[in-house]
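Note that the sequence shown covers residues 23 to 353 in the working numbering. Glycine is no exception: its CB is placed at the ideal position from the N, C-alpha and C atoms. Quick caveat: nothing in here was measured; it's all calculated off a predicted structure.
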Amino acid sequence: MLISQIKGANGEIVVAVREQGGAARSVKNAGSVYALAMEAADGGKSLASVIEGHGCGEAVDLEKAYAEGRFLPPITHPDAAHLHLTGTGLTHLGSAATRDSMHKKTTEAAEETLTDSMKMFKMGLENGKPKPGEKGVQPEWFYKGNGYGAASPGAPLVSPSFALDGGEEPEMAGIYVIAKDGTPFRIGFALSNEFSDHVTERINYLFLAHSKLRPASFGPEIRVGAAPDDIRGTSRIKRGDKVIFEKPFLSGEANMSHTFANLEYHHFKYGLFRVPGDVHVHMFGTATLSFADGIKTEEGDLFEIEVAEFGLPLRNPLKVAAEEEIAVRQL
23 MLISQIKGAN GEIVVAVREQ GGAARSVKNA GSVYALAMEA ADGGKSLASV IEGHGCGEAV
83 DLEKAYAEGR FLPPITHPDA AHLHLTGTGL THLGSAATRD SMHKKTTEAA EETLTDSMKM
143 FKMGLENGKP KPGEKGVQPE WFYKGNGYGA ASPGAPLVSP SFALDGGEEP EMAGIYVIAK
203 DGTPFRIGFA LSNEFSDHVT ERINYLFLAH SKLRPASFGP EIRVGAAPDD IRGTSRIKRG
263 DKVIFEKPFL SGEANMSHTF ANLEYHHFKY GLFRVPGDVH VHMFGTATLS FADGIKTEEG
323 DLFEIEVAEF GLPLRNPLKV AAEEEIAVRQ L
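Here it is in structure tokens:
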């Protein structure tokens, strides 16, 4: 099942559901995806059974809504500060050539010659997929922001004026709500663009935290349930009528050095991330970047990420913010 949110005629949230390849219909008296998910989490029910209980109403033309700019992120929180955008890196094996190269570097090089990033990658290779009942190694982790940094599908990803780069990262994102008893529940997975400043990050890996404080987009639809083991999609950048970058990307546990369960554990092991009622959008990393191929993005470029099993493609244009004068004033 695929679930999404669009703006209705009067500004209300319309929740749309469909099966892959099928037509979408509105969910009656849904309020929002968040409201449905919390009803399920707090009531000990599946999301599918809650939706069935509400029933479906009118047909929803998702393509038309996309063209009209009416898509919302597929989950929002009534208080945007209670939606958390986070992620992990160095989790994907990449292409066969990349995998072979990294294996060779991590197995043949002396430990003291490895970069911190390579050491982290090696740790994931060795213990990112623990046996049942065991705890695996923790991944690289970063914070991107809250719901105020969530760009709707179709809306611009705004790069700040001080940024040195604004580049895409095509990833899978896990979508979660926290029940009233503090239990994390996964709704499903969605496409995401974990938009980052790769030039700043490359200056020094300690700038990673700065490079990730950028908006992100996810959706347009959430695929409810577990993710496929082998996810294959396409990431492209359009400049006007021309495609300036197009490359396949891989995700899913078959193409990762960590299990989703291990990455989820190391995020939700912190009590801070189990606050009842909160929403989490956690991005799981990538192995495909246009930046790595020498692409320098420009304002107006359109990022497009698609995977057939996850519904409509995720599209966002790049916008650069005007320069701001920031000064702290004494009260």
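Buried versus exposed, by CB contacts within 10 Å (16 or more), residue i
| i | result |
| --- | --- |
| Leu213 | buried |
| Pro270 | exposed |
| Gln352 | exposed |
| Val265 | exposed |
| Ala249 | buried |
| Ala119 | Note that Ala119 has pLDDT 44, beneath the 50 cutoff, so the model's placement of it is unreliable and no number is given. |
| Thr135 | exposed |
| Tyr292 | exposed |
| Tyr165 | exposed |
| Tyr170 | exposed |
| Leu334 | buried |
| Ala38 | buried |
| Asp122 | A caution first: Asp122 carries a pLDDT of 47, below 50, which makes its placement in the model unreliable, though a value can still be read off. It is exposed - the Cβ of Asp122 has fewer than 16 other Cβ atoms within 10 Å. |
| Ile200 | buried |
| Ala87 | buried |
| Glu389 | This structure does not reach residue 389, given that the chain is present from 23 up to 353, and the question cannot be answered. |
| Ser218 | buried |
| Glu34 | exposed |
| Thr310 | buried |
| Phe325 | buried |
From the options, residue whose alpha carbon lies closest to that of residue i
| i | options | result |
| --- | --- | --- |
| Arg296 | Ala102, Asp203 and Pro152 | Asp203 |
| Val36 | Ser257, Asp83 and Leu115 | Asp83 |
| His220 | Ala231, Gly210 and Val159 | Ala231 |
| Arg254 | Asn32, Phe332 and Ser181 | Phe332 |
| Lys153 | Glu345, Leu340 and Ala283 | Ala283 |
| Ile97 | Leu272, Glu243 and Asn226 | Glu243 |
| Glu162 | Leu311, Ser257 and Lys234 | Lys234 |
| Ile25 | Glu41, Glu80, Ser273 and Ile348 | Glu41 |
| Pro100 | Ser139, Gly299 and Asp263 | Gly299 |
| Leu69 | Ala59, Glu268, Val180 and Ala344 | Ala59 |
| Gly53 | Gly43, Ala63 and Ile73 | Ile73 |
| Phe240 | Ser71, Gly91, Asp64 and Leu336 | Leu336 |
| His280 | Leu107, Met194, Leu112 and Ala63 | Leu112 |
| Gly103 | Glu90, Asn168 and Leu179 | A quick correction: the sequence has Ala, not Gly, at residue 103. The option with the nearest alpha carbon to Ala103 is Asn168. |
| Glu268 | Gln27, Ile327 and Gly274 | Ile327 |
| Thr308 | Pro192, Gly247, Arg224 and Glu345 | Pro192 |
| Pro95 | Gln27, Asp64 and Gly109 | Gln27 |
| Tyr287 | Val55, Glu85, His76 and Thr205 | Thr205 |
| His9 | Phe229, Ser48 and Tyr56 | Outside the shown range of the chain (23 to 353) lies residue 9, about which nothing can therefore be said. |
| Arg92 | Gly262, Lys29, Val246 and Asn277 | Lys29 |
| Val329 | Ala195, Val350, Lys260 and Ala344 | Ala195 |
| Ala46 | Ala63, Asp64, Gly158 and Cys78 | Cys78 |
DSSP state of residue i mapped onto helix, strand, coil
| i | result |
| --- | --- |
| Lys29 | strand |
| Met142 | helix |
| Leu272 | strand |
| Met194 | strand |
| Phe267 | strand |
| Gly79 | strand |
| His280 | coil |
| Lys166 | strand |
| Ala38 | strand |
| Val72 | helix |
| Glu326 | strand |
| Gly293 | helix |
| Lys260 | strand |
| Ser117 | Residue confidence is low: Ser117 scores 43 on pLDDT, short of 50, so the model does not pin down where it sits. No coordinate-derived value is stated. |
| His99 | coil |
| Gly176 | coil |
| His24 | As written in the sequence, residue 24 is Leu, which differs from the His given in the question. Note: Leu24 maps to strand in three-state DSSP. |
| Gly189 | strand |
| Gly255 | strand |
Segment limits, alpha helix (DSSP H) that includes residue i
| i | result |
| --- | --- |
| Leu311 | Taken as a continuous stretch (DSSP letters only), Leu311 belongs to no alpha helix (DSSP H), as it is neither H nor E. |
| Phe93 | No alpha helix (DSSP H) contains Phe93, which DSSP labels as neither H nor E. |
| Lys234 | Leu230 to Lys234 |
| Arg224 | His220 to Ile225 |
| Val55 | Val55 to Gly65 |
Host beta strand (DSSP E) of residue i (start-end)
| i | result |
| --- | --- |
| Leu398 | Residue numbering for the chain in the displayed model covers 23 to 353; residue 398 lies beyond these limits and cannot be assessed. |
| Glu243 | Ala238 to Val246 |
| His106 | Leu105 to Gly111 |
| Ile348 | Taken as a continuous stretch (DSSP letters only), Ile348 belongs to no beta strand (DSSP E), as it is neither H nor E. |
| Arg208 | Pro206 to Asn215 |
| Ala46 | Ala46 to Val49 |
| Val180 | Leu179 to Ser181 |
Between the region 171 to 184 and the region 138 to 149, can you find at least three pairs of beta-carbon atoms closer than 8 Å? no
Given 8 Å, three or more beta-carbon pairs between the region 312 to 322 and the region 334 to 351: yes
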